[in-house]
Amino acid sequence: MFFQAVTLFPEMFAALTEHGVSGRALRQGLWRFDTVNPRQFADNRLGYIDDRPFGGGPGMIMMAAPLQAAIGFARSRCQGDSRVVYLSPQGAPLTHRRVAALAQQPNLILLCGRYEGVDERVLQTHVDEEISIGDFVVSGGELPAMMLMDAVLRLLPDVLGDSRSAEQDSFADGLLDCPHYTRPAEFDGMPVPEVLMSGNHAKIAEWRLEQSLRRTLSRRPELLDGRMFSPQEARLLERIRKEQAN
Ligand SMILES: NC(=O)c1ccc(NCc2ccccc2N2CCOCC2)nc1
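If you read the sequence shown in this note's numbering, its first letter stands for residue 930, the second for the next number, and so on.
Here it is, written out as structure tokens:
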């Protein structure tokens, strides 16, 4: 996987390239990263890459030409297909399903907007997909881009190592995660659920699945809409619903 970010703030991406699982995977060569700064494609001496909005209004808009050139340069560095993703509040919601689809791409180019946004004509001609990480606004597309990258990287083989498999991530099975505990066995007078100390792996797995179903039902019931259930899940849901009915 070759990620490129078209960004005015390349140093921000150190958060992923210098730290944690993503940083280690980069050093191991499990993925590649580079940035393109639109400022180097400004066609004037002063490096202007933004200008006032037609129609008036506050702030500045990123100009089309430098972005088009930066995207073209990024694409020229890709072997095979490349996909340009624009992070914006107007994008399609990022879900596990969409992350899994992106993880199949060999080359992803992430366009990070600043100022008040980007000239629409770049989006129409050079952006393949517009994605939002949530219904809120942040100052630039870099943090959303890094969240997308991290979510994709966790799905790449070997990035998480054999200790953790991504399918255990909640959302991978379409459910919220179960509660987790570690030592001490009693903290602040609170014990750990007995079943987790039992060593009975089938019962532990069933307890964890039941807890995930309970949490999903109470916190995000809409996630269960349209989801198929295994016989075990259906049985557990039945028991939970009965319990809540009385
Ligand atoms: N939900 C998201 O994925 C998300 C993504 C980006 C983003 N901001 C960058 C941005 C990108 C595109 C358009 C406007 C803007 N903004 C620039 C700064 O001013 C506000 C508008 N915010 C939230």
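Using N, Cα and C, we set each Cβ at its ideal position, and we do this for glycine too.
Bear in mind that the values here come from a model prediction, so they are computed numbers and not experimental data.
Considering only heavy atoms of ligand 3, does any lie closer than 8 Å to the CB of residue i?
i, result
"ILE1062", "Ligands displayed in this structure: ligand 1; ligand 3 is not among them."
Thinking residue i and residue j are a contact (beta carbons under 8 Å), I'd like their distance in whole angstroms, please.
i, j, result
"CYS1007", "ASN1036", "4 Å"
"PRO1073", "VAL1067", "7 Å"
"LEU945", "ASP1079", "6 Å"
Within 8 Å: the Cβ of residue i and any heavy atom of ligand 1?
i, result
"GLU1058", "no"
"GLU1045", "yes"
"PHE938", "no"
"PRO1073", "yes"
"GLY1178", "No information on residue 1178 is available, as it lies outside the stretch 930 to 1175 that the chain covers here."
"GLN1019", "yes"
"GLY1155", "no"
"PHE931", "no"
"VAL1081", "no"
"SER1068", "yes"
"CYS1185", "The requested residue 1185 does not occur in the structure, where the chain is confined to residues 930 to 1175."
"PHE1065", "yes"
"LEU1016", "yes"
How would you call residue i, buried or exposed, if buried means at least 16 neighbouring beta carbons within 10 angstroms?
i, result
"GLU1167", "exposed"
"ASP1048", "buried"
"PRO995", "buried"
"GLU1139", "buried"
"TYR1015", "buried"
"PHE983", "exposed"
"ARG1143", "buried"
Original post:
Does the region 1020 to 1035 come close enough to the region 971 to 991 to have 3 or more Cβ pairs within less than 8 Å?
Top reply: no
Original post:
Does the region 1024 to 1034 touch the region 998 to 1005, meaning 3 or more C-beta pairs lie closer than 8 Å?
Top reply: no
Subject >> Unbroken stretches of the alpha helix (DSSP H), 4 residues or longer, contained in the region 1054 to 1107 >> reply: 1071 to 1082
Original post:
Quick one: any contact between the region 958 to 973 and the region 933 to 942, if contact means 3 or more CB pairs under 8 Å?
Top reply: Output reads yes: the region 933 to 942 touches the region 958 to 973.
**OP:** Tell me, please, whether the region 1109 to 1128 touches the region 1053 to 1060 by the rule of three or more beta-carbon pairs shorter than 8 Å.
**Re:** Contact between the region 1109 to 1128 and the region 1053 to 1060 is absent, because fewer than three Cβ pairs lie under 8 Å.
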